[in-house]
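Undergrad:
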Amino acid sequence: MGPGNVSCRDSLLRSDRLMLVFLLYSNLKGLWDKSGCDHCITQGFLSLTNDTQYFMTTLNQTLTCFEKYQLGNHTELCKNCKGTYLGLSELYGRMEKNLTLCIDIEDAMNATRKLWSKNFNCSMPREETVPVIAVSSFMLFLPIIFYLSSFLHSEQKKRKLIHRE
């Protein structure tokens, strides 16, 4: 502690009138925090966490598979690399659920998903499309059924017209 119970770090960071060093430090710290870098690097900043290393290994296996089959037919790539891609995607989902993601992993997964879907035109069939279509169709016809049943079950009153004499 320095004079006035101010730490040496704070004294240096706030030493100039515009506090440029402090602003730079604050912005870099904010960027570090928003990027979630603490989730990918060990406590002493010496190495990557085990989760990050495992993700990078799985990512490398997936990209190696992409490179192996990219020159041939893309349907061949989709079929042969599906297992490694799904494994990577499931791992990413678990890491996202456990809050162990950092921006580097998110960027790597985004790039891999773009390769898989846009460049190689691979897609995964979705199982939930049939129930969605069924519920949507039911909701679409519900008003028609309501008004039709209302019309058929209501008593029709005959109008009496009054004529002028």
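Number 206 in this note's numbering belongs to position 128 of the sequence shown; there are no gaps in the numbering. Where a beta carbon is used, it is the ideal one built from N, C-alpha and C, also for glycine.
Spell out the partners DSSP gives L106 in its beta bridges.
TA: Taking the first residue of the sequence shown as 1, we reach residue 106 at position 28. In DSSP, L106 forms no bridge with anything.
Undergrad: DSSP on L166, reduced to helix/strand/coil?
TA: Locating residue 166 in the sequence shown gives position 88, where the first residue counts as 1. Here L166 sits in helix by DSSP.
Undergrad: On the DSSP letters alone, give me the boundaries of the alpha helix (DSSP H) that Q148 sits inside.
TA: Here residue 148 corresponds to residue number 70 of the sequence shown, with the count starting at 1. Element bounds for Q148: n/a, residue is neither H nor E.
Undergrad: For the candidate residues S228, N151 and G161, whose alpha-carbon lies nearest to that of N197?
TA: Along the sequence shown, read from residue 1 onward, the residue named residue 197 stands at position 119. The option with the nearest alpha carbon to N197 is N151.
Undergrad: Provide the residue span of the alpha helix (DSSP H) that contains L230, from first to last.
TA: Taking the first residue of the sequence shown as position 1, residue 230 is located at position 152. Looking at the DSSP string, the run of the alpha helix (DSSP H) that includes L230 is T207 to H231.
Undergrad: Let me confirm a value: Y225 is counted as buried when at least 16 other C-beta atoms fall within 10 Å, else exposed. Which label applies?
TA: Numbered from 1 along the sequence shown, position 147 holds the residue referred to as residue 225. That one is exposed.
Undergrad: If we define contact as Cβ-Cβ less than 9 Å, is D111 a contact residue for chain C?
TA: The chain labelled as chain C is not found in the depicted structure, where only one protein chain is given.
Undergrad: Between T136 and T127, which are expected to be in contact by the criterion C-beta below 8 Å, what is the C-beta distance as a whole number of angstroms?
TA: Counting from 1 along the sequence shown, the entry for residue 136 is found at position 58. Counting from 1 along the sequence shown, the entry for residue 127 is found at position 49. Not quite, the Cβ-Cβ distance comes to about 14 Å (not below 8 Å), so this is no contact.
Undergrad: In angstroms, rounded to a whole number, what distance separates the CA positions of G171 and Q131?
TA: Looking up residue 171 in the sequence shown gives position 93. Looking up residue 131 in the sequence shown gives position 53. C-alpha separation (whole angstroms): 16 Å.
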